[in-house]
Amino acid sequence: MNQTYCIELPGESATLTLGKALSEMIEKQGKPLVVIFLLGDLGMGKTTLSRGILNASGYRGNVKSPTYTLVEPYELEKRNLFHFDLYRLGEPEELEFMGIRDYFEQPAMGEKPSICLLEWPEKGGDYLPDPDFMVELKLKTNTNGSQNSIGRTAEIEVLNKELETGMSALISRLTQKGITCK
Ligand SMILES: Nc1ncnc2c1ncn2[C@@H]1O[C@H](COP(=O)(O)OP(=O)(O)OP(=O)(O)O)[C@@H](O)[C@H]1O
Ligand SMILES: [Mg+2]
13 MNQTYCIELP
23 GESATLTLGK
33 ALSEMIEKQG
43 KPLVVIFLLG
53 DLGMGKTTLS
63 RGILNASGYR
73 GNVKSPTYTL
83 VEPYELEKRN
93 LFHFDLYRLG
103 EPEELEFMGI
113 RDYFEQPAMG
123 EKPSICLLEW
133 PEKGGDYLPD
143 PDFMVELKLK
153 TNTNGSQNSI
163 GRTAEIEVLN
173 KELETGMSAL
183 ISRLTQKGIT
193 CK
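Residue numbers (our numbering): 13 to 194.
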């Protein structure tokens, strides 16, 4: 069984904070290539989470989902980041033509590490590698007295054992701030 964690994200800023925490954990862990699947329905916050990771990697510009181009590359100071959105992909085979394999190559010695973030990986079929971890975002209604607000929960499943220690440290830090799911 893979390790899984659940975190409450009451608002957009919590999603960005999770992105920052993930970015820092990945940097500390030092793995040259990290592949992350972002799951969840339309509008659940996958791009927001990507923005949190990008901002923490030093990117200050606009982040939009690369729905039509399928991938947006970011060459940043500490890493290269490839943000995929496969929502409009017709057939998984199209990924072969766009040279998808190149993105999942381990960076050579001396090259910057890279992160591949994939929205809608379900559309990619067998052309995608196994991810290091997956984040699934879901709706969650929060009740505060008589006020209701709609937030999200994030369920994180860690598939790569190398990241388990870092992820569990990240979750305990976030839990201390009181944001793990009940
Ligand atoms: N934790 C949260 N609570 C409430 N709203 C949130 C939260 N995180 C993000 N949002 C909001 O959800 C909306 C949709 O976010 P986003 O575009 O990131 O979704 P998405 O999953 O990438 O959608 P798509 O599948 O269409 O690409 C944005 O308005 C964003 O501010
Ligand atoms: Mg998106």
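Even for Gly, the Cβ is constructed at its ideal location relative to N, Cα and C.
By the Cβ-count criterion, P143 is buried, with 16 or more other Cβ atoms from all chains shown falling within 10 Å of its own Cβ. By the Cβ criterion, the segment 13 to 33 is not in contact with the segment 124 to 133, since fewer than three pairs of Cβ atoms, one from each stretch, lie closer than 8 Å. For Y86, the enclosing beta strand (DSSP E) stretches over residues V83 to E87. At a threshold of 7 Å, K135 does not count as near ligand 1, since its beta carbon sits no closer than that to any of the ligand's heavy atoms. By the criterion of at least three beta-carbon pairs nearer than 8 Å, the segment 159 to 178 is not in contact with the segment 73 to 88.
Per the C-alpha coordinates, the member of E174, Y139, G163 and L149 positioned closest to L101 is Y139. Under the three-state reduction of DSSP, G136 is assigned to helix.
For ligand 1, no non-hydrogen atom lies closer than 7 Å to the CB of L129. The distance from the Cβ of L149 to that of G57 is about 5 Å, consistent with a contact at the 8 Å cut-off. Closer than 7 Å to some heavy atom of ligand 1: that describes the Cβ of G163.
A distance below 7 Å between beta-carbons, with the five flanking residues on each side excluded, links M110 to the following residues of its chain, in chain order: L82.
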